[in-house]
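Chains as they are written, first to last, in the working numbering: chain A, 58 to 214; chain B, 58 to 214; chain C, 58 to 214; chain D, 58 to 214.
4 protein chains.
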Amino acid sequence: MAETMALPPHRHAAEPMPGGTAFEWPVRIYWEDTDAGGIVFYANYLKFFERARTEWLRSLGIEQHSLREQTGGMFIVSQTDVRYLRPARLDDALTVTAWLQHKGRASLIIRQQTFLRSEPASALLCEASIRIGWVDALSLKPARIPDSLLQRLENKP
Amino acid sequence: MAETMALPPHRHAAEPMPGGTAFEWPVRIYWEDTDAGGIVFYANYLKFFERARTEWLRSLGIEQHSLREQTGGMFIVSQTDVRYLRPARLDDALTVTAWLQHKGRASLIIRQQTFLRSEPASALLCEASIRIGWVDALSLKPARIPDSLLQRLENKP
Amino acid sequence: MAETMALPPHRHAAEPMPGGTAFEWPVRIYWEDTDAGGIVFYANYLKFFERARTEWLRSLGIEQHSLREQTGGMFIVSQTDVRYLRPARLDDALTVTAWLQHKGRASLIIRQQTFLRSEPASALLCEASIRIGWVDALSLKPARIPDSLLQRLENKP
Amino acid sequence: MAETMALPPHRHAAEPMPGGTAFEWPVRIYWEDTDAGGIVFYANYLKFFERARTEWLRSLGIEQHSLREQTGGMFIVSQTDVRYLRPARLDDALTVTAWLQHKGRASLIIRQQTFLRSEPASALLCEASIRIGWVDALSLKPARIPDSLLQRLENKP
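This is the structure:
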């Protein structure tokens with residue numbers, strides 16, 4: 058259990074993020090993530106980005122399962138633009154970032170990157186813009202993001 | 058689109074199934090199904106078995122989404138015993154079977170096999186016993202399978 | 058097995074595709090495709106698009122596994138831009154399209170859409186531009202698409 | 058990033074494991090893991106078990122990707138017997154264990170459990186016996202586990 062947790066602070070060539078640094082989350086590559094090309098199946102980066110967004114929200118005190126029970130709403134992904142630059146392989150240790158690029162009344166745009174942790178510098182593998190909207194969980198109709206949620210997002214890393 | 062559909066009736070060494078023949082469903086192997094070993098990731102056979110069970114139920118007139126809305130209940134998997142005998146690879150064409158081995162008041166046991174379609178005879182890749190129970194969809198508590206459902210299952214292939 | 062195959066020709070409001078109609082492939086929604094929001098997990102549309110691209114290539118006589126053994130090269134996805142418009146649910150029957158939008162010496166851009174099959178008209182759920190490049194399978198370095206492959210792609214649907 | 062890592066040592070009713078305690082690995086539930094039943098899709102427990110086995114091996118100094126390059130062999134799963142007792146939901150924090158139950162010349166049997174971390178005691182969600190065999194990575198034929206590997210496994214937790 059120790060290893061993921063023991064990962065030291067790490068330098069990589071992340072984009073400068075106006076208004077703060079990006080949230081970072083470690084991801085390890087397992088068999089489940091790879092395909093017969095010997096590399097990570099590209100669709101799985103969307104899962105890694107989702108994990109980092111979830112943990113970024115959790116770091117702001119936002120738990121999605123509780124949120125849904127309290128507000129009747131949930132986030133839903135409406136657009137994903139992803140560029141895949143270099144492949145990752147089994148056992149690789151990645152860092153996935155999340156940074157709030159735009160905050161609207163009904164949707165957010167999150168800028169995300171995935172880096173391979175390596176020495177002397179990390180390599181950028183993949184980058185994305187993810188648009189997420191707020192919807193009523195039953196009707197799935199778009200709705201305004203609750204104020205309490207927006208206030209927590211102000212406290213953005 | 059034609060090819061999967063054009064697959065001719067095919068002989069393979071399926072287990073004799075007392076009381077009827079097994080339901081058969083074709084599955085094609087895509088990149089998403091494989092791992093860096095160059096073969097199908099073993100956990101994905103559970104997905105293939107699920108697809109075949111779903112289509113077997115559908116062939117008996119049972120649609121799970123509608124069923125849940127009508128009865129408030131749903132099937133849930135409670136046990137999966139799987140033996141992996143031979144690997145499958147990208148682009149392989151498989152046949153997945155489903156056969157109702159045991160029918161209780163609250164659970165079913167489905168016997169399933171996966172074959173690689175090849176000439177002159179298909180090869181058995183994987184076989185499983187899957188136990189599924191009926192639960193209330195909200196509380197997830199076990200419940201008796203509705204009579205109307207049991208009657209449809211009598212008409213088992 | 059019959060039902061997917063028996064789906065009749067179906068009208069939907071597909072984009073006009075200069076130079077031909079789009080290839081179409083049916084996809085059924087199973088439990089594996091959904092998430093706790095009750096809808097299809099957005100990352101899974103990349104799998105559906107991949108299945109349709111694979112079957113489109115197969116319809117042109119291009120089998121990716123054989124191709125790799127013969128040429129030592131393979132396709133790799135380098136960019137995916139996806140817009141999610143409406144959700145799909147368990148048991149839904151979808152049609153996924155693929156249409157060759159741009160053909161370069163080292164990469165292709167495929168335009169893809171996913172429709173919910175429903176009466177009287179299908180609903181557009183999701184649309185994407187997918188860029189795929191040709192690489193050496195061992196080094197993963199970009200390479201020119203083999204001429205024989207380009208010629209087969211001329212015969213595009 | 059802090060939360061997963063800050064999880065304190067935790068008591069749960071794990072099976073007594075003759076000859077040592079089980080290796081433990083934390084797993085968090087994300088959207089990708091759930092299905093439309095609102096719970097974790099059962100096939101995904103095989104992924105969680107795999108992650109824990111991989112990290113157990115890594116804790117013994119065994120990296121599977123390097124191992125394959127050095128020995129030309131790899132582990133392959135040949136049998137998975139799983140019982141699903143209680144469901145997990147979005148945002149749940151789980152502990153997954155791995156314990157070497159049997160060590161043969163060509164295969165291992167790993168006993169694994171998944172617990173929901175909750176107070177005052179953890180709840181057992183799922184348990185499994187996983188048989189893994191050693192094969193030549195190209196031919197996929199069974200082979201004897203390399204001695205150096207067996208020696209590292211002696212040092213089992």
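Using N, Cα and C, we set each Cβ at its ideal position, and we do this for glycine too.
Model, not experiment: these values are computed from the prediction.
Looking at the strands, I want to know which residues DSSP matches up with residue i.
i               : result
R143 of chain D : Bridge partners of R143 of chain D: none, in fact.
A180 of chain B : B:L173
G130 of chain D : D:D193
L44 of chain C  : Outside the shown range of chain C, which is 58 to 214, sits residue 44 of chain C, and nothing can be said about it.
S186 of chain B : B:D138 and B:R168
L151 of chain B : B:V84 and B:L173
P203 of chain B : Its beta-bridge partners do not exist; DSSP assigns none.
T91 of chain A  : A:V97
With 16 as the cutoff for other CB atoms within 10 Å, does residue i come out buried or exposed?
i               : result
T152 of chain D : buried
E81 of chain A  : buried
T78 of chain C  : exposed
L195 of chain C : exposed
G118 of chain C : exposed
A63 of chain B  : Confidence at A63 of chain B is low in this model, with a pLDDT of 33, below 50, so the placement of that residue should be treated as unreliable; the coordinate-derived value is given next. It is exposed - the Cβ of A63 of chain B has fewer than 16 other Cβ atoms within 10 Å.
P65 of chain A  : Here P65 of chain A scores only 38 on pLDDT, less than 50, and its place in the model should not be relied on; the value that follows carries that caveat. Looking at its Cβ environment, which holds fewer than 16 other Cβ atoms inside 10 Å, P65 of chain A is exposed.
A145 of chain B : buried
N101 of chain B : buried
K104 of chain C : buried
Q169 of chain D : buried
E211 of chain C : exposed
P177 of chain D : exposed
Q208 of chain C : exposed
D193 of chain A : exposed
D204 of chain A : exposed
Between the Cα of residue i and the Cα atoms of the options, which residue gives the shortest distance?
i               : options                           : result
T128 of chain A : A:L210, A:N212, A:A200 and A:E211 : A:A200
F98 of chain B  : A:A100, A:Q121 and A:D92          : A:D92
L206 of chain D : D:A163, D:L181 and D:Y87          : D:A163
S135 of chain B : B:W191, B:R209, B:E211 and B:N212 : B:W191
L165 of chain D : D:D90, D:F132, D:G94 and D:G118   : D:F132
E120 of chain A : D:A150, D:G130 and D:E120         : D:A150
G130 of chain D : D:W88, D:N212 and D:I189          : D:I189
I167 of chain B : B:T154, B:R209, B:Q208 and B:E89  : B:T154
E126 of chain D : A:P203, A:L147 and A:S123         : A:L147
L124 of chain A : C:G94, C:P203 and C:L181          : C:G94
I96 of chain C  : C:S179, C:K198 and C:R143         : C:R143
Y87 of chain C  : B:L181, B:H122 and B:R85          : B:H122
Segment contact, 8 Å Cβ cut-off, at least three pairs: the stretch 182-194 of chain C with the stretch 149-159 of chain B: no
Segment contact flag, the stretch 111-125 of chain C with the stretch 103-111 of chain D, C-beta cutoff 8 Å, min 3 pairs: no
Chain C contacts made by the stretch 108-124 of chain B, where a contact means CB separation under 9 Å: Cβ proximity to chain C below 9 Å picks out R108, T111, E112, R115, S116, E120, Q121, H122 and S123 from the stretch 108-124 of chain B.
Inter-stretch contact at 8 Å, needing at least 3 Cβ pairs: the stretch 163-176 of chain C / the stretch 139-154 of chain A: no
Contacting positions in the stretch 143-177 of chain D - beta carbon closer than 7 Å to chain A: R146, L147 and D148
Residues, ordered as in the chain, of the stretch 195-213 of chain A that lie near chain C by beta-carbon distance below 8 Å: L197
Positions along the stretch 85-104 of chain B whose CB lies within less than 8 Å of some CB in chain A: Listed in sequence order: W88, E89, T91, D92, A93, G94, G95, I96, F98 and A100.
Short-range partners of chain C found in the stretch 127-138 of chain A, where Cβ spacing is below 8 Å: M131, I133, V134, S135, Q136, T137 and D138
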